[in-house]
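Here the protein sequences come in this chain order: A and B.
Everything in the first sequence is counted per the numbering used here, starting at 978 for the first residue and increasing by one.
Everything in the second sequence is counted per the numbering used here, starting at 1051 for the first residue and increasing by one.
Idealized CB from N, CA, C, for every residue including glycine.
Take a look at the structure set out below.
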Amino acid sequence: MATVDFSIGIGGEAGQGIATPGDILARIFARRGLNLNAYNAYQSIIRGGHTFLTIRASDGPVRSMGDKLDVLIPLNQDAMNRHLRLMGTGTCVLFDVDKIKPGTAAEGVQLCPLPTKQLTTGNKLAGNTVAIAATLQMLGVEFKALEDALTRIFKRKGDAVITENVGFARAGYDYATANFKPFPFKAPDLGKGNAVLTGNMALAMGGVAAGVKFYAAYPMSPSTGVLMYMASHAQQLGIMVRQVEDEIGVMNMIIGAAQTGCRAMCATSGGGFALMTEAIGMAGMIETPVVCIDVQRAGPATGVPTKTEQGDLWQALGAGQGDYPRLIVAPTDQLDAFRTIPELFNLCDKFQCPGLVLSDLLISEGTASVDPKELNFKTKIDRGEIIFPEAIVNGQAQNPFGGANDNAYLRYKNTESGISPRAVPGVMGHIHVAATDEHDEDGTLISDEFTNPAKRRMMVEKRARKMEAVLADIVPPKLVGPETAAVTLVGWGSTEGVIREAVEKLASEEGIVANQLAIKWIVPFHADEISHLLVRSKKIIVVENNHSGQFARYLRSETGIAAHGHIRKYDGEPFMPHHIIDAVKEQLAGKTELSVPTHEIQV
Amino acid sequence: MSSIVEPTITTTSVAALVKDTYKGKIHPDWCPGCGDFSVLSALQTALFELGLKPHEVLVVSGIGCSSNLPGYINTYGMHTLHGRSLAVATGAKLGNHELKVIATGGDGDGYGIGGNHFTHTMRRNIDLTYLVMDNQIYGLTTGQTSPTSRKGMKTKSTPHGNVENPINPIPLAIVGGATYVARGFSGKQKHLVELIKGAIQHKGFSLVDIFSPCVTYNKDNTYQFFNPRVKILEEQGHDTSDFHKAMGKGYEWGEEIPIGVFWKRTDLPSLEEHEPVLDEGGPLAFRKLGISDEQAQLLVSELL
């Protein structure tokens, strides 16, 4: 059980330096072994607008941004005006008294005016340092933690800069000691450090663990973080990273690299994914394994580039024309994202098909803490039935180069499993063409003068047959919570954490017994297992971040089960636990079957 | 500027390679008289004469009549999507830079739908050979205007005459960063073989735009049209290192149309030579997967 659970909100305009204090706080909490979630609400703007970073830390599990704020640090008047109304009894608001007027706070809110100009001797860049120093003092964090963090951050700028900034921090810390009332709890130090990472870093690191040798991308929010991680580690890890002219080029290029035997990956968002889809079909047709990450953002078209949504489910299901086997997986959090990529690569290699990852802004740009021991790079690697040049078996064959009418090797052999051993270019005696036209077992086109219904049927069935075995390789979803619950909350991908918190709070605060079914694998879909679990549910409510209930529709198409209720949010912001709790209560009371929670934080 | 060593081509035991070694599994389904037959034959001859082993060559095409070529030649092949051959070929070359990667296709595939990839592949100067069978028409879709159709040309999609200006691939490629820019003609096969051999041996991006007449749908740009007009640059003492002369020759069009190598420079490294990741360790595709414990520890320590 958690003994402390607090959240700090820092608001201001883009360019005011919110990321750095946010990072300092996150790392200080993680170094004490606290669990962490940070979510940044921002706009597609480089300077100006309103950015609001929420950092939540606890010694218990932290699975979402939570419901409340304990500390507000408004860096400008706008941030004060927007968020002061969210602050309740026992919270505090730290602000630069020279710049910002507090307005009317609710009863029990401690207003903490900081004479920033005096404390920083006029240094305009140091205001944020003073505010976080005061915050840490009030949270009972010893000054040394901050001193260490500042020393690390300013290391490259030299001792003078370190000394100056530590001085400002000291002034803020001491001012808080003398003038503000500390919180009744202290942020504990659990004596072990946690690692801090974003979902995009986790996805990239998953690629590293999987042995990705080729990564290509076209920058697109909110997926660019994967490119940035890959690019900054490329030389050190021996990964070819390319920024390509467009997403069409990206997908085609990684397919080219994958065809030669590389593990190849790319990430984009919905718009870029739309451009890739024809080529994803090519990967299906020529049976070349690639992994593509779609970090969903609010659509359609350009949509809201900096806001989250789960709106691309049917785009992924329908990516590319025609029928072809593909795998689709929606990781549930940052650590799961790290683990999913190697698992998906193994399946793609084994079944020789494209693998699609549905992340979203919430996971990808969200920050989480993980136990560093969980970041295991020694993952299982299974390349499936692949033939590399080292495996030349028929180097002594009469015609080592293959040639006209030589069918010793059939790239698309019609096997029982549908999986045909895949030789990469460079292997003697295995020459073939990988063609996007329908082809025969040897790769010869059957779509032009040789069109043949029987062969077409055989090849469609061969490819489709591969999918029959995939389900056995992946873990089916499990029901979390009591089987006899009054309501089952079903979600997919990134909502797992917030739904879990809602379920726990429903039990502890509302006396409502709920359970949860979190779906990760979309294709293949454990239709039998899921049906088996859901037919016993008293009330099924699907929770998802889109307008039309894309997952509810998919659930019905695959299982015939129509949910009794829906909780949908499509305002660009993620669910907070109370959104779900309030919606469950109104639906259990029979007031509605569709709840659309209002996001109270003005961002 | 770094000096570039001409790539050494491994000659295998001649006994193992004969010209028929490069014959594909099936006979081309092109129309009788199609210029593409000559291009295919020229490519096979070039590979044979260079002693390249079929399994060390990857031919990547897009979609269209000419893009069916990989099926007719005994090398590794990819028959990709319309317009995408260069993007796929780039990935393949970087995945295994020891392969000889040759992209083939038509004018619509390369200069129309694939125009964006064409532009960016040239500026990268990746070591690819690109053979464009330019028939100035969309053949497989039965005769519509193409990016290289001349102004005024009547096609099924321009029944009153094409009002758009055509692309001129030669100056476009010279300006775009290709480091070997040539034009051939199906009717001059021996010359074409030399152009293709030069392109394959060139370290960097090479374009060979080939007049490859469509005998079915293009009644303007026929063998009869080209035969008296084409003039071989190599017979005229053209200086391929002179940028302005190359551009000038590229714009010549009329009673005389130059074919041959317009532009060649060997002083620029290719993309693979620029990439430190490829410095050692052989092809990316064949390297060991995963990272060392020390590397893993370093990555985790960045997060603490």
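Against residue i, what residues of chain A qualify as contacts under a CB-to-CB distance less than 7 Å, listed in chain order?
i, result
"B:Gln1094", "Near B:Gln1094 there are no residues of chain A at all, since even the closest Cβ is about 12 Å away, more than 7 Å."
"B:Lys1103", "Phe1378"
"B:Pro1319", "Correct list: empty, because the minimum Cβ distance to chain A is about 16 Å."
"B:Leu1041", "No statement about residue 1041 of chain B is possible, as the shown extent of chain B runs from 1051 to 1354 and does not include it."
"B:Glu1106", "Gly1403"
"B:Ile1076", "Thr1421"
Give a yes or no on whether the minimum CB-CB distance between residue i and chain A is below 9 Å.
i, result
"B:His1167", "yes"
"B:Val1350", "yes"
"B:Asn1146", "yes"
"B:Ile1341", "yes"
"B:Thr1060", "Low local confidence applies: a pLDDT of 41 at B:Thr1060 is under 50, so the model's placement there is unreliable, and no value is given."
"B:Gly1156", "no"
"B:Val1258", "no"
"B:Thr1071", "yes"
"B:Val1110", "yes"
"B:Leu1100", "no"
"B:Pro1057", "Note on B:Pro1057: pLDDT 36, under 50, position unreliable in the model; the coordinate value appears next. No, because no Cβ of chain A sits closer than 9 Å to the Cβ of B:Pro1057."
"B:Ala1228", "no"
"B:Gly1423", "The question about residue 1423 of chain B has no answer here: the residues shown for chain B are numbered 1051 through 1354."
Spell out whether any CB of chain B is found under 9 Å from the CB atom of residue i.
i, result
"A:Gln1298", "no"
"A:Asn1229", "yes"
"A:Arg1240", "yes"
"A:Glu1222", "yes"
"A:Ala1190", "Per the sequence shown, the amino acid found at residue 1190 of chain A is Lys instead of Ala. So, interface residue."
"A:Leu1174", "yes"
"A:Val1370", "Summary for A:Val1370: the model assigns pLDDT 45, below 50, so the residue's position carries little reliability, and this model does not support an answer."
"A:Ala1244", "no"
"A:Met1436", "no"
"A:Ala1374", "Below a pLDDT of 50, predicted positions are generally treated as unreliable, and A:Ala1374, at 43, falls in that range; the measurement from the model is reported next regardless. No - not a single Cβ of chain B is within 9 Å of the one on A:Ala1374."
"A:Gly1526", "no"
"A:Ala1256", "yes"
"A:Val1419", "The amino acid at residue 1419 of chain A is misidentified as Val; the sequence shows Asp. It does: the Cβ of A:Asp1419 has a partner Cβ on chain B nearer than 9 Å."
"A:Ala934", "Coverage of chain A is limited to positions 978 through 1580, which leaves residue 934 of chain A absent and any answer about it impossible."
"A:Leu1214", "yes"
With DSSP as the reference, please indicate the residues paired to residue i in a beta bridge.
i, result
"A:Val1475", "In the DSSP output, where bridge partners are listed per residue, A:Val1475 has none listed."
"B:Lys1073", "B:Ile1123"
"A:Lys1169", "According to DSSP, A:Lys1169 bridges with nothing at all."
"B:Trp1303", "Per DSSP, none; premise fails for B:Trp1303."
"B:Trp1313", "B:Val1231"
"A:Cys1069", "A:Val1048 and A:Gln1087"
"A:Phe1029", "A:Gly988 and A:Ala1018"
"B:His1132", "Note: B:His1132 sits in no beta bridge, so no partner."
"A:Thr1245", "A:Asp1271"
"A:Met1217", "A:Phe1191"
"B:Phe1276", "Beta-bridge pairing links B:Phe1276 to no other residue."
Whose Cβ in chain A lies nearer than 8 Å to the Cβ of residue i?
i, result
"B:Glu1325", "Met1217"
"B:Met1128", "Gly1233, Gln1236, Ile1263, Val1410, Ala1411 and Ala1412"
"B:Val1138", "Asn1229, Met1230, Ile1232, Gly1233 and Gln1236"
"B:Gln1186", "Within 8 Å Cβ-Cβ: nothing; B:Gln1186 doesn't reach chain A, min ~22 Å."
Please list the terminal residues of the continuous alpha helix (DSSP H) segment that includes residue i.
i, result
"A:Val1203", "Thr1201 to Leu1214"
"B:Phe1261", "Here B:Phe1261 belongs to no alpha helix (DSSP H); instead the beta strand (DSSP E) covers Ser1256 to Phe1261."
"A:Gly999", "Ala996 to Arg1008"
"A:His1509", "Ala1504 to Leu1511"
"A:Tyr1016", "No alpha helix (DSSP H) contains A:Tyr1016, which is instead part of the beta strand (DSSP E) from Asn1012 to Ala1018."
"A:Tyr1150", "Asp1136 to Asn1156"
"A:Tyr1531", "Gln1527 to Thr1536"
Contact criterion: CB-CB distance below 9 Å. Does residue i meet it with respect to chain C?
i, result
"B:Asn1118", "Looking at the structure shown, chain C is missing, and the protein chains on hand are A and B."
For residue i, which residues in chain B fall below 9 Å Cβ to Cβ?
i, result
"A:Pro1349", "Val1350, Ser1351, Leu1353 and Leu1354"
"A:Leu1352", "Ala1346, Leu1349, Val1350 and Leu1353"
For a contact meaning CB atoms closer than 7 Å, what does residue i contact in chain B?
i, result
"A:Glu1521", "Those do not exist, as A:Glu1521 stays about 30 Å from chain B at its closest Cβ, beyond 7 Å."
"A:Val1138", "Neighbours of A:Val1138 on chain B: none; closest Cβ ~22 Å, over 7 Å."
How is the beta strand (DSSP E) around residue i delimited, first residue to last?
i, result
"B:Val1280", "Val1280 to Ile1282"
**Three-pair Cβ contact test at 8 Å for the segment 1276 to 1290 of chain A versus the segment 1475 to 1489 of chain A** = Flag = no, the segment 1276 to 1290 of chain A and the segment 1475 to 1489 of chain A do not touch.
**Prompt:** Taking one C-beta from the segment 1310 to 1323 of chain A and one from the segment 1342 to 1351 of chain A each time, how about it: are there three or more such pairs within less than 8 Å?
**Reply:** Counting C-beta pairs with one atom in each stretch, the segment 1310 to 1323 of chain A and the segment 1342 to 1351 of chain A have three or more that are closer than 8 Å, which means they touch.
**Request:** May I ask you to verify whether the segment 1462 to 1473 of chain A touches the segment 1509 to 1519 of chain A, counting CB pairs closer than 8 Å and requiring at least 3?
**Result:** Under the Cβ criterion (8 Å, minimum of three pairs), the segment 1462 to 1473 of chain A counts as touching the segment 1509 to 1519 of chain A.
**Request:** May I ask you to verify whether the segment 1144 to 1156 of chain A touches the segment 1207 to 1223 of chain A, counting CB pairs closer than 8 Å and requiring at least 3?
**Result:** No, the segment 1144 to 1156 of chain A does not touch the segment 1207 to 1223 of chain A.
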